[in-house]
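Read through the structure below, which is laid out as structure tokens, and then see the notes.
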Amino acid sequence: TGVSRDAFLQLLITQMRYQDPLSPMDNEAFLAQLAQFSSLEQMQQLNENFTNSMALAQSEANSSATGLIGRYVRASGDTVTLGAQGDVSLGYFLGADASVDVTIYDGQGAAVRHVTLPEGVSGSNEWMWDGRNDAGERLGAGAYTFTIDAYDANGESVNAASTVLGRVEGVTFQSGTAELLVGGKEIPLSSVFEVFMEDPSANP
Numbered sequence: 001t002g003v004s005r006d007a008f009l010q011l012l013i014t015q016m017r018y019q020d021p022l023s024p025m026d027n028e029a030f031l032a033q034l035a036q037f038s039s040l041e042q043m044q045q046l047n048e049n050f051t052n053s054m055a056l057a058q059s060e061a062n063s064s065a066t067g068l069i070g071r072y073v074r075a076s077g078d079t080v081t082l083g084a085q086g087d088v089s090l091g092y093f094l095g096a097d098a099s100v101d102v103t104i105y106d107g108q109g110a111a112v113r114h115v116t117l118p119e120g121v122s123g124s125n126e127w128m129w130d131g132r133n134d135a136g137e138r139l140g141a142g143a144y145t146f147t148i149d150a151y152d153a154n155g156e157s158v159n160a161a162s163t164v165l166g167r168v169e170g171v172t173f174q175s176g177t178a179e180l181l182v183g184g185k186e187i188p189l190s191s192v193f194e195v196f197m198e199d200p201s202a203n204p
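Just so we're aligned: the sequence shown equals residues 1 to 204 in the UniProt record's numbering.
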């Protein structure tokens, strides 16, 4: 178990006070304990410096988060909010050029739309969903999730990840960590990988 610096020093003083006068602690043993004490101090100082550095980094990250309010961000995620009208951006990141299957699910987990996009390119991609199901009917406003499956020309699976785009409406702090409010949902600041001054989907 760990011993605090003050406790260690107290133990050393007590040991010296009650040592046998006929058999005092030799110099090597004393120096060894002093070296151990010095090492303990260095470890505690290192831990304190690390803790302070982490706190400073977290504070700076939280401060930068408030500066994102009003801007548009693209982040890792699979949930989008469909409004009463208009399209919704569904993003995805590909490890290589690929054909992409997009499947959209409603709040009950039922698949409502499936589309194949044959020309996905390596890197960031976007598809604008018109809010309609496979029958061409406009769906109700609310939250929808989507999945991305990608395949190369040989039918082999390609690494793919879904992404979401939205305007930052506010910032909350959970246990000292910043969460961005985007489309009524909380998105971890750490999941954001692109920031835009204006909606990039409005100017493709």
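Ideal placement from N, C-alpha and C gives every residue a C-beta, glycine not left out. Keep in mind it's a predicted model, so treat the numbers as computed, not measured.
Please look up how many angstroms separate the CB atoms of residue i and residue j, rounded, as I've assumed it's under 8 angstroms.
{"i": "Ser-191", "j": "Gly-77", "result": "7 angstroms"}
{"i": "Trp-127", "j": "Ile-104", "result": "No, Trp-127 and Ile-104 are not in contact; Cβ-Cβ is about 10 angstroms, not under 8 angstroms."}
{"i": "Gly-107", "j": "Gly-142", "result": "6 angstroms"}
{"i": "Ile-69", "j": "Val-171", "result": "6 angstroms"}
{"i": "Leu-139", "j": "Leu-82", "result": "6 angstroms"}
Which word fits residue i, buried or exposed, when buried means at least 16 other C-beta atoms lie within 10 angstroms of its C-beta?
{"i": "Gly-176", "result": "exposed"}
{"i": "Arg-113", "result": "buried"}
{"i": "Glu-179", "result": "buried"}
{"i": "Val-102", "result": "buried"}
{"i": "Ser-89", "result": "buried"}
{"i": "Gly-131", "result": "buried"}
{"i": "Asn-159", "result": "exposed"}
{"i": "Ala-65", "result": "buried"}
{"i": "residue 207", "result": "Residue 207 cannot be examined here, being either before or after the span of the chain that is shown, 1 to 204."}
{"i": "Gly-120", "result": "buried"}
{"i": "Val-100", "result": "buried"}
{"i": "Phe-146", "result": "buried"}
{"i": "Val-115", "result": "exposed"}
{"i": "Ser-23", "result": "Low per-residue confidence applies at Ser-23: pLDDT is 48, beneath 50, and the placement is therefore not dependable enough to give any value."}
Using DSSP with H/G/I as helix, E/B as strand and the rest coil, what is residue i?
{"i": "Ala-98", "result": "strand"}
{"i": "Leu-22", "result": "Annotation note: pLDDT 46 at Leu-22 (below 50); position unreliable, coordinate value reported separately. Three-state DSSP puts Leu-22 in coil, outside helix and strand."}
Tell me, please, whether the segment 63–76 touches the segment 160–176 by the rule of three or more beta-carbon pairs shorter than 8 angstroms. yes
Which runs of the beta strand (DSSP E) fall wholly inside the UniProt domain "FlgD Tudor-like" (63–192) and span at least 3 residues, in chain order? 72–76, 79–82, 88–94, 98–105, 111–120, 123–129, 142–151, 160–174, 177–182 and 185–188
Answer yes if the segment 143–162 comes into contact with the segment 93–102, meaning at least three C-beta pairs across the two stretches below 8 angstroms, and no otherwise. yes
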